[in-house]
């Protein structure tokens, strides 16, 4: 069982956290870009 190996769990957990951080950064970047474009277009 791979669950018995702590190293694999830690690595998968790190990858999961990194993926979430990257997804969050991409989401916030798109939100900021959308808000910026909206403000520029509505001036």
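Residue numbers (the working numbering): 6 to 48.
Built from N, CA and C at the ideal position, the CB exists for glycine as well.
**OP:** Express the C-alpha separation of residue 34 and residue 44 in angstroms, rounding to a whole number.
**Re:** One-based indexing of the chain shown puts residue 44 at position 39. One-based indexing of the chain shown puts residue 34 at position 29. Answer to the nearest angstrom: the Cα atoms are 15 Å apart.
Subject >> C-alpha distance - residue 37 paired with residue 16, whole-angstrom precision >> reply: Locating residue 37 in the chain shown gives position 32, counting from the first residue. Locating residue 16 in the chain shown gives position 11, counting from the first residue. Cα to Cα, residue 37 sits roughly 31 Å from residue 16.
Original post:
If we ignore side chains and look at the alpha-carbon of each, how far apart do residue 47 and residue 19 end up?
Top reply: Numbered from 1 along the chain shown, position 42 holds the residue referred to as residue 47. Numbered from 1 along the chain shown, position 14 holds the residue referred to as residue 19. Going from the Cα of residue 47 to the Cα of residue 19 covers about 42 Å.
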